[in-house]
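Structure record follows, encoded as structure tokens.
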Amino acid sequence: MAAPLPIACLNGAFLPLAEVRISPLDRGFLFADSVYEVLPVYAGRPFLFIEHIARLERSLGEIRMHSPLTRSEWATLLTELVARNGGGDMYLYVQVTRGAEEGRNHALNASLVPTVFLMACPLAPLDESVRITGVGAITTQDERWARCDIKSTSLLANVLAKSRAADAGETEAILLSGGWLREGSSSSVMIVCGGVLHAPPYGPEILPGTTRDLALRLAAEAGIAVRIAPIAEATLRSADEILLSFATRGVLSVTRLDGKAVGTGRPGPVWSALAAGFAHYRQILAGTPLLPAG
Ligand code: PDD
């Protein structure tokens with residue numbers, strides 16, 4: 041994992057990441073009382089900006105907070121952070137905590153000032169071998185809380201699941217619960233059966249994925265049938281293709297699940313169509329404004 045880029049932003053001030061200081065009494069540190077977003081940036085332009093900010097606003101609303109910035113203020117801040125880190129391709133990490141207080145109190149204190157932290161990280165092009173061979177995944181039980189639709193920084197169960205994948209030498213852990221597919225430890229999961237792209241419905245148990253939403257839209261536009269319905273573990277295991285989607289990598293093909301080949305054991309045609317669709321969509325967006333005029 042490459043080191044973050046040098047310039048970060050804390051509460052509106054740009055400064056070297058190495059100089060950022062946050063109080064140990066910040067509720068983000070004490071309680072994981074905070075939410076976050078991860079946005080890719082291509083050719084200096086944050087990708088799916090409105091979708092990410094809308095999800096941030098929703099996450100904040102679900103934890104009884106308001107966004108501390110307007111959409112236009114977010115756009116200005118993010119654009120400035122990208123420019124100060126030299127533009128090009130990168131990804132941005134945005135975290136909003138409920139703020140620091142005098143002491144450790146479980147109960148909410150409405151008068152706190154939120155902490156807003158942003159940093160930028162390098163986004164290296166996808167390794168060619170990943171395009172050719174895909175990635176491996178394991179399955180594991182979903183041990184997370186009951187509100188995974190909130191993009192909370194309380195990620196311990198995700199971290200442990202990802203570690204189990206790493207122990208097995210694989211890229212992602214696909215989470216199952218009661219015999220049903222949920223999502224990846226840091227990705228959405230879709231599958232292809234008989235040419236139809238399937239995805240589980242949104243609900244409190246999974247995060248609404250910005251990349252998944254775009255993938256399903258691009259698939260439909262490319263004439264691929266899309267079905268949103270719960271996916272049983274047995275269906276996952278017999279899928280022709282398994283796809284992971286997440287902001288930093290777009291769509292990846294899972295070609296090995298729990299050590300067994302998925303479909304042909306190579307990235308399949310729906311993955312290829314989506315990878316091409318994403319590349320094309322990035323070009324269409326290049327140079328366009330982040331927010332509609334007016
Ligand atoms: N994670 N589900 C989970 C649990 C995730 O952590 C993520 C993304 C997604 C996909 O969402 P999106 O397509 O909007 O990135 C689904 C980010 C990349 C992370 O935590 O780094």
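Heads up: the sequence shown begins at 41 in our numbering, then just goes up one per residue.
We put the beta carbon where it would ideally sit given N, CA and C, even for glycine.
Given the structure is predicted, the values throughout are model-derived calculations rather than measurements.
Check each candidate in L221, D182, L109 and name the one with the smallest Cα separation from E273.
Closest by alpha carbon: L221.
Classify W114 as buried or exposed, calling it buried when 16 or more other Cβ atoms lie within 10 Å of its own Cβ.
buried
Just grab the DSSP bridge partners of I268 for me.
A239
Determine the DSSP secondary structure at E281, reduced to helix, strand or coil.
strand
State the beta-bridge partners of I231 as determined by DSSP.
For I231, which the question treats as bridged, DSSP gives the partners H238, I282.
Contact defined as beta carbons within less than 8 angstroms: I believe L121 pairs with I47. What is the distance between those atoms, to the nearest angstrom?
7 angstroms
Roughly how many whole angstroms lie between the Cα atoms of R187 and A43?
31 angstroms
With DSSP as the reference, label G290 as helix, strand or coil.
strand
When the cut-off is 7 angstroms and only beta carbons count, does P309 lie next to chain B?
Protein chains in the displayed structure number just one, and chain B is not present.
For I268 versus P241, is the C-beta spacing smaller than 7 angstroms?
yes
Could you spell out where the beta strand (DSSP E) holding W220 opens and where it closes?
Looking at the DSSP string, the run of the beta strand (DSSP E) that includes W220 is 220-224.
Is the distance from the Cβ of E77 to the Cβ of H92 below 7 angstroms?
yes
Jot down the residue ranges of each uninterrupted alpha helix (DSSP H) in the segment 144-232, minimum 4 residues, whole runs only, in chain order.
168-173, 196-207
May I ask you to verify whether the segment 227-235 touches the segment 284-295, counting CB pairs closer than 8 angstroms and requiring at least 3?
yes
Kindly examine the ligand PDD and report whether one of its heavy atoms sits closer than 6 angstroms to the Cβ of T193.
T193: no, Cβ never under 6 angstroms from the ligand PDD.
Out of I271, T137, C233, V294, which has the shortest C-alpha to C-alpha gap to I264?
Nearest neighbour of I264 by Cα position, chosen from I271, T137, C233, V294, turns out to be C233.
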